[in-house]
Amino acid sequence: MRLIARAMSQIQTPQAIRGTQDIFGADAEAFAFVVETFERVRKLYRFRRAEMPVFEKTAVFSRSLGETTDVVSKEMYSFEDRGGESLTLRPEFTAGLARAYLTNGWQQYAPVKVATHGPLFRYERPQKGRYRQFHQLDAEVIGAAEPQADVELLVMADQLLKELGIADGVTLQLNTLGDAESREAWRTALIDYFRAVKGDLSEESQDRLERNPLRILDSKDPRDRPFTADAPKIDAFLSAEAQDFFGKVTAGLDAAGVAWTRAPALVRGLDYYRHTAFEFVTDRLGAQGTVLGGGRYDGLIETLGGPHTPAVGWAAGVERLAMLVGEKGEANADVAVIPLGEAAETVCLAITAALRRDGLSVDMGFRGNMKKRMSRANDSGASYAVIVGENELADSMALVRNLSTGVQTAQPLALFGKVPLSLMDGMTLSGPLEPGQSMVGDVLLNSQDEN
Ligand code: ATP
Ligand code: MG
26 MRLIARAMSQ
36 IQTPQAIRGT
46 QDIFGADAEA
56 FAFVVETFER
66 VRKLYRFRRA
76 EMPVFEKTAV
86 FSRSLGETTD
96 VVSKEMYSFE
106 DRGGESLTLR
116 PEFTAGLARA
126 YLTNGWQQYA
136 PVKVATHGPL
146 FRYERPQKGR
156 YRQFHQLDAE
166 VIGAAEPQAD
176 VELLVMADQL
186 LKELGIADGV
196 TLQLNTLGDA
206 ESREAWRTAL
216 IDYFRAVKGD
226 LSEESQDRLE
236 RNPLRILDSK
246 DPRDRPFTAD
256 APKIDAFLSA
266 EAQDFFGKVT
276 AGLDAAGVAW
286 TRAPALVRGL
296 DYYRHTAFEF
306 VTDRLGAQGT
316 VLGGGRYDGL
326 IETLGGPHTP
336 AVGWAAGVER
346 LAMLVGEKGE
356 ANADVAVIPL
366 GEAAETVCLA
376 ITAALRRDGL
386 SVDMGFRGNM
396 KKRMSRANDS
406 GASYAVIVGE
416 NELADSMALV
426 RNLSTGVQTA
436 QPLALFGKVP
446 LSLMDGMTLS
456 GPLEPGQSMV
466 GDVLLNSQDE
476 N
């Protein structure tokens, strides 16, 4: 016995993995509110649901995101499975969605508007608003080259933030990266510009200089700031088509009443972006101020071996949106059902089931003495208590108590599930009903008689 006790005391409870979160209560309600609001809004915009696997072959991400990106070079959770295949936990949605589009022949629906949400995994340095497992909302339009698709996505993002009640203090920063040629010319100019001041840049930016110079513009390091501000702007390199495209996007936003700010240094981390690039940012979340980001990725599907397929999309961090929403109260129950004594419990289970089928939220007390159960019901914030004690049971009745007015009446058990609780509230019957009597009619009649 002693030996067992000693062995047990040595069992350590495993800790959660660094950078993961357990979310509960008011925080979990805020999280759910974000997801539910997204689900509602995406239906208004007629985006269809898609579900993709949480893991894919590593090539899905390494090819489409580009080997030089932060995500692929240092953030992916990749592993070999037992069959020796290299797999990766998805670090973002777009690549997997593009793979699914190709392997399932979703071209037949093009242009296809799809929305999804769920967990993603990146090996990052955990801090507030930055986790190793986090969650995104994601919306994409695949197979559309028209600027209207960009506009629709941006208007939807704007409405989402408004319906979440967090639009104040969040601004839409908008840029264009031009078409492939404009982007390449800009890239070359940036390399020339930054090469001249290379020694004064942060180590990370020096490292990015040849690989991914656009990303230097995105640097948060104060040593890079003086140089990024004066760096060449994309506008000098935009082709007429690229200018026209951007003009249509901004005109669409203006027509839909979406406020935006031009952010000439805004780039997206991933190589595949073209034309429209955007972020919704706030200063209310410290360094992790980007809540939603996206843009047009006309080159992505080709990197996966598909035909040229223009597409545009965005992703939003659920945790960051939920932080802006703040704690969300858990709703009170509509009804607290209280059985007093064992015999009443069966009847109360039936009442509880009937009320829930009626669409009411119900808590049934099953612990503690009568006083405890009553005070818990009073404290619960429920609108009604339904109480069944021995006397009520004998009469096939239950007490319906309006917890805000304190008015309490006895009601026949047979009424539950047939007559809404709100109609029973405060209604006095002349006496217990006989079995088989027309309950609804009788009650309505009685109640009118008394008024
Ligand atoms: P950041 O510059 O903050 O690293 P990113 O460019 O890597 O962002 P995206 O890949 O565009 O981010 O993802 C879209 C959104 O997902 C971000 O705007 C953010 O709200 C959220 N997000 C990204 N990475 C994380 C993370 N590690 N933890 C929590 N949310 C994240
Ligand atoms: Mg990142």
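Each residue of the sequence shown is one higher than the one before, starting from 26 at the first, in the numbering used here.
Heads up, the beta-carbon is just placed ideally off N, CA and C, and yes, glycines get one too.
Inter-residue spacing [alpha-carbon to alpha-carbon] between G121 and D246: Going from the Cα of G121 to the Cα of D246 covers about 32 Å.
Measure from the alpha carbon of V356 to the alpha carbon of each residue in A347, H300, A51, then state which is nearest. Checking the sequence shown, residue 356 turns out to be Ala, not Val. Closest by alpha carbon: A51.
To which residues of the same chain is V292 closer than 6 Å at the C-beta, ignoring the five residues directly before and after it? Correct list, in chain order: L239, L242, D243.
V66 and Q184 closer than 9 Å at C-beta: Contact annotation: V66 and Q184 have beta-carbon atoms nearer than 9 Å.
With burial defined as no fewer than 16 other Cβ atoms inside 10 Å of the residue's Cβ, what is the status of S455: buried or exposed? Note on S455: pLDDT 47, under 50, position unreliable in the model; the coordinate value appears next. Exposure of S455 is indicated by the presence of fewer than 16 other C-beta atoms within 10 angstroms of its C-beta.
Where the beta strand (DSSP E) containing A410 begins and where it ends: The continuous beta strand (DSSP E) containing A410 extends over residues 409-413.
Integer-rounded CB distance, given that A140 should sit under 8 Å from R74: Yes, R74 and A140 are in contact; Cβ-Cβ is about 6 Å, under 8 Å.
With hydrogens ignored, establish whether the beta-carbon of L295 is closer than 8 Å to any heavy atom of the ligand ATP. In this structure, the C-beta of L295 approaches the ligand ATP to less than 8 Å from one of its heavy atoms.
In whole angstroms, what separates the C-alpha of L114 from that of M101? Cα to Cα, L114 sits roughly 7 Å from M101.
Does the region 202-217 come close enough to the region 170-188 to have 3 or more Cβ pairs within less than 8 Å? By the Cβ criterion, the region 202-217 is not in contact with the region 170-188, since fewer than three pairs of Cβ atoms, one from each stretch, lie closer than 8 Å.
Taking just the CA atoms, how far does P445 sit from D474? Below a pLDDT of 50, predicted positions are generally treated as unreliable, and D474, at 35, falls in that range; no measurement from the model is reported.
Give me the Cα-Cα distance between A281 and K353, rounded to the nearest whole angstrom. If you draw a straight line from the Cα of A281 to the Cα of K353, it is about 30 Å long.
Where S455 falls: helix, strand or coil (DSSP): Confidence in S455 is poor, its pLDDT being 47 and thus under 50, which makes the residue's placement unreliable; the coordinate value appears in the next sentence. The three-state secondary structure of S455, taken from DSSP, is coil.
I'd like to check one pair, A347 with A55: are the Cβ atoms closer than 9 Å? Closer than 9 Å, so yes.
For D163, list the residues DSSP reports as bridge partners. Paired residue(s): T141, A340.
Helix, strand or coil for N357? Go by DSSP, reduced to three states. Correct three-state label for N357: coil.
Kindly indicate which three-state DSSP category I259 falls into: helix, strand or coil? In the structure shown, I259 adopts helical secondary structure according to DSSP, grouped into three states.
Would you tell me roughly how many angstroms separate the C-alpha atoms of F270 and P172, rounded to the nearest one? One alpha carbon belongs to F270, the other to P172, and they sit about 6 Å apart.
Excluding five sequence neighbours on each side, which residues of the same chain lie with their C-beta closer than 6 Å to the C-beta of D323? Result list for D323: R299, P335, in chain order.
Suppose the cutoff is 8 Å on Cβ atoms and the five residues either side in sequence are ignored; what does the same chain contact list for A169 look like? Spatial neighbours of A169 in its own chain (CB-CB distance under 8 Å, excluding positions within 5 residues in sequence) are listed in chain order as A135, P136, P335, A336, V337.
Once you ignore the five residues that flank F80 on each side, which residues in its own chain have a CB closer than 8 Å to its CB? L112, T113, L114, R115.
Using only the alpha-carbon positions, how far apart do Q132 and Q268 sit? Their Cα atoms are separated by approximately 28 Å.
Within 10 Å of its beta-carbon, does I167 have 16 or more other beta-carbons around it, so buried, or fewer, so exposed? Residue environment for I167: buried (at least 16 other C-beta atoms within 10 angstroms of its C-beta).
Measuring alpha carbon to alpha carbon, tell me which residue in I326, T315, E370 is nearest V343. If we check each option's Cα against that of V343, T315 comes out closest.
Within the region 56-82, ranges of the beta strand (DSSP E) (whole runs, at least 3 residues): For the region 56-82, whole beta strand (DSSP E) runs of length 3 or above, ordered along the chain, are 80-82.
Under the three-state DSSP convention, the category Q40 falls into: Note: Q40 maps to coil in three-state DSSP.
When we look at the beta-carbon of F104 and count the other beta-carbons within 10 Å, is it buried (16 or more) or exposed? Exposed, because fewer than 16 other Cβ atoms sit within 10 Å of the Cβ of F104.
Neighbourhood of T286 by C-beta, 6 Å cutoff - its chain only, sequence neighbours within 5 removed: Same-chain partners within the cutoff: T196, Q198.
Helix, strand or coil for Y102? Go by DSSP, reduced to three states. In the displayed model, Y102 falls within a strand according to three-state DSSP.
Assuming A423 and E417 form a contact by the criterion Cβ under 8 Å, report the distance between their Cβ atoms to the nearest whole angstrom. Yes, A423 and E417 are in contact; Cβ-Cβ is about 6 Å, under 8 Å.
Using the three-state DSSP reduction, which class does P251 fall into: helix, strand or coil? DSSP places P251 in helix when its eight states are reduced to three.
State yes or no: is the beta carbon of L234 nearer than 9 Å to at least one beta carbon in chain C? No chain C appears in this structure, which consists of one protein chain only.
Looking at V96 and the ligand ATP, is the gap between the Cβ and the nearest heavy atom below 8 Å? Yes, the beta carbon of V96 sits closer than 8 Å to at least one heavy atom of the ligand ATP.
Looking only at its own chain, which residues have a Cβ that is under 6 Å from the Cβ of L380, when we skip the five neighbours before and after it? For L380, where only same-chain residues beyond five positions count, the Cβ hits under 6 Å are V360, V387.
Looking at the secondary structure, which residues open and close the alpha helix (DSSP H) in which L114 lies? First-last for L114: 111-114, but that is the beta strand (DSSP E), not the alpha helix (DSSP H).
CA-to-CA distance, A182 to W211, given in whole angstroms: Taking the straight line joining both Cα atoms gives about 28 Å.
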